[in-house]
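First residue of the sequence shown: 16, per the numbering used here; consecutive thereafter. Glycine included, every Cβ here is placed at the ideal spot set by N, Cα and C.
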Amino acid sequence: MKKRSVSFFGLGHVGLTTAACLASRGFRVIGYDIDGEKVKRINNGEAPFFEPGLDELLRDSVKNGMLRATTDPMEAVLNTEVTFITVGTPSAPDGSIDLRYVESASRMIGEALRHKKDWHLVVVKSTVVPLTTERVVKPLIEEASGMRCGYDFGLAMNPEFLREGSAVRDTFKPDRIVIGEFDKRSGDALEELYRDFYGEELPPIIRTTPVNAELIKYSNNAFLAMKVSFINMIANICQKLEGADVTVVAEAIGMDKRIGPLFLKAGPGWGGPCLGKDIMALKRFSESIGVTTPLIDATIKINKQQPMKLVELAEKHLGSLKGKRIAVLGLSFKPDTDDVTDSPSIRLVKTLLERGAEVIVYDPKAMENFKKLFGNSIKYAPNALSCIEGADCAVIMTEWKEFRDISPQTYLKLMRTPVLIDGRRIYPPDVYSKHLRFEAVGYSPSKTK
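Structure below.
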């Protein structure tokens, strides 16, 4: 069967990763983005952000002529059969969703369709609150194109579930595909595209309404955020109970098939460009239709407070932090990404500075992005060992593999005051506590053996 030609409006993590994956399996892809510098880099085979596995896919796809980027929206639509909307949906000041980029993309696609005779499928992949596809995207395209949805063009809502740091793998091996279709033809066309892409490895496909598809994405992220906040609440209880360890508790409850082990990792809280943004958007949307969200409120509150628990552990050993040198290892919100969006490290560093501490940081990928936020107010180390040298306290904030390899003897040798706070539970407490003044999230050692 002839591979389809597809276009993407928005070449961020979701758009570019999905585009490169499709191109790698024979789809002809055109990506549109308003950022000319980004388009230039992509056409040179360079990813404008760090994502494991993406560089090679992109380089090969561009070299083979299967993927190209453009700043011309007309070119993208008129030369393809399917257009994915993958623009960002940032938060407004009150936390509600800002749809300006979705609205702009919808208008541009509609204007291009005015010049096209063939039926065209538009797929909303951006994360949007319920009813957006039906009440915002559909009328904007219809107005700009002079066409009717369901007759002259197709429309579907197809949420993405990619995780930064594993986005390529998540694209090739998703748990499921959700298709919110306006009409059967649109759903059939999108399902056929995915059947062609996945072949014998086709994941389960859920075909439903656009409003269900939109709500599935928000419910998914809200539940994951709630699960992390729940285990952090349990960790805070463990911290006050002699002999308690949240990792043991989490492992045991995760064996319950009704619960599962994923996202039961205690730490400094969740971050990134999705969870916080999406859970607030769901809260504001729910309020707009008269629904209260006490569970979401608690989830957000716990997460905001969590980095403070690490500050309290530092103060437990050092007293006042004024003038103390605090080394922060890990700045990205998770490993295998350079993204610091809403990272717990941001809240930690801000608090440390407010307490008068001298802060030095290190991250193998996210240093430049962190510098944009803090400038010269903190120090930046060239590597992990330089970061902890002469420090009064070291705090693990991201579970990069290279941090796991630092022995307790190394900390003891390099630090001025050997206080280590394991915010990500990467070290065995029984080993590290023998050599250092050691604290870990959700861990309270027995005072008697």
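> Are the CB atoms of ALA399 and TYR377 nearer to each other than 7 Å?
Replying inline: yes
>> Looking at ALA171: is its Cβ nearer than 7 Å to the Cβ of GLU196?
In response: Yes, Cβ-Cβ distance for ALA171 and GLU196 is below 7 Å.
> Secondary structure at GLU163, three-state DSSP: helix, strand or coil?
Replying inline: A quick correction: the sequence has Arg, not Glu, at residue 163. Note: ARG163 maps to coil in three-state DSSP.
> Quick one, are the C-beta atoms of THR85 and GLY30 less than 7 Å apart?
Replying inline: no
> What first and last residue would you give for the alpha helix (DSSP H) that runs through TYR116?
Replying inline: 115-128
> In three-state terms, what does DSSP make of ASP109?
Replying inline: coil
> Do you know how far the Cα of ASP357 is from the Cα of PRO288?
Replying inline: 7 Å
> Are the beta-carbon atoms belonging to GLY180 and THR352 less than 7 Å from one another?
Replying inline: Cβ atoms of GLY180 and THR352: closer than 7 Å.
> Short check: CB of GLY371 to CB of LYS337, under 7 Å?
Replying inline: yes
> How many angstroms separate the CA atom of ALA120 from the CA atom of ALA159?
Replying inline: 11 Å
>> Between the alpha carbons of VAL152 and ASN227, how many angstroms are there, rounded?
In response: 16 Å
> Looking at the structure shown, is ALA313 part of a helix, part of a strand, or coil, going by DSSP?
Replying inline: helix
> What separation, rounded to the nearest whole angstrom, lies between the Cα atoms of GLY165 and SER111?
Replying inline: 30 Å
>> Could you tell me the alpha carbon to alpha carbon distance between ARG74 and GLY405, rounded to whole angstroms?
In response: 43 Å
> Is ALA265 helix, strand or coil by DSSP?
Replying inline: In the structure shown, ALA265 adopts helical secondary structure according to DSSP, grouped into three states.
> Which residues mark the beginning and the end of the beta strand (DSSP E) in which PHE23 is found?
Replying inline: 20-24
>> I need the DSSP call for GLY144, collapsed to helix, strand or coil.
In response: In the sequence under discussion, the amino acid at residue 144 is Val, which differs from the Gly named in the question. Per DSSP, reduced to three states, the secondary structure at VAL144 is coil, with no helix or strand assignment.
> Looking at the structure shown, is HIS450 part of a helix, part of a strand, or coil, going by DSSP?
Replying inline: coil
> From VAL264 to ILE192, what does the alpha carbon distance come to, in whole angstroms?
Replying inline: VAL264 and ILE192 have their C-alpha atoms some 33 Å from each other.
> Taking only runs of the beta strand (DSSP E) that begin and end inside the segment 33-96, which ones reach a length of at least 3 residues, in chain order?
Replying inline: Correct list: 43-47 and 82-85.
> So which of LEU344, LYS380 and HIS450 has the shortest CA-CA distance to ARG439?
Replying inline: LEU344
>> Going by the DSSP bridge assignment, what does ASP344 pair with across the sheet?
In response: Note on residue identity: the sequence assigns Leu, not Asp, to residue 344. According to DSSP, LEU344 bridges with TYR377 and ILE411.
> When the Cα atoms are used, what is the spatial distance from SER448 to VAL434?
Replying inline: C-alpha separation (whole angstroms): 10 Å.
>> Taking the beta strand (DSSP E) that MET430 belongs to, which residues open and close that run?
In response: Taken as a continuous stretch (DSSP letters only), MET430 belongs to no beta strand (DSSP E), as it is neither H nor E.
> In terms of residues, what are the limits of the beta strand (DSSP E) holding GLY275?
Replying inline: Careful: GLY275 lies outside any beta strand (DSSP E) and carries neither H nor E.
> Which term fits VAL44, buried or exposed, when burial requires 16 or more other beta carbons within 10 angstroms of its beta carbon?
Replying inline: So VAL44 counts as buried.
>> Please identify the residue among ARG431, GLU417 and SER461 whose C-alpha is closest to the C-alpha of TYR442.
In response: GLU417
> So, is GLN424 buried or exposed, given that buried needs 16 or more other C-beta atoms within 10 angstroms?
Replying inline: exposed
>> Give me, in chain order, the residues of the same chain whose beta-carbon lies closer than 8 Å to that of ARG419; leave out the 5 immediate sequence neighbours on both sides.
In response: Excluding residues within five positions, the ones whose Cβ falls inside 8 Å are ILE441 and TYR442.
> Looking at PRO359 and GLY284, is the spacing between their C-beta atoms short of 7 Å?
Replying inline: yes
>> Tell me the residue span of the beta strand (DSSP E) that contains PHE168.
In response: 168-172
>> Closest to ILE436 by C-alpha separation, out of THR224, ALA329 and GLY291, would be which residue?
In response: ALA329
>> Taking the straight line between their C-alpha atoms, what separation do you get for ASP50 and ASN58?
In response: 13 Å
> At which residue ranges does the segment 180-208 contain complete beta strand (DSSP E) runs of 3 or more residues, listed in the order of the chain?
Replying inline: 192-196
> Which value, in whole angstroms, describes the spacing of the CA atoms of ILE246 and LYS380?
Replying inline: One Cα belongs to ILE246, the other to LYS380, and the distance between them is close to 28 Å.
> So what does DSSP say about TYR213, is it helix, strand or coil?
Replying inline: helix
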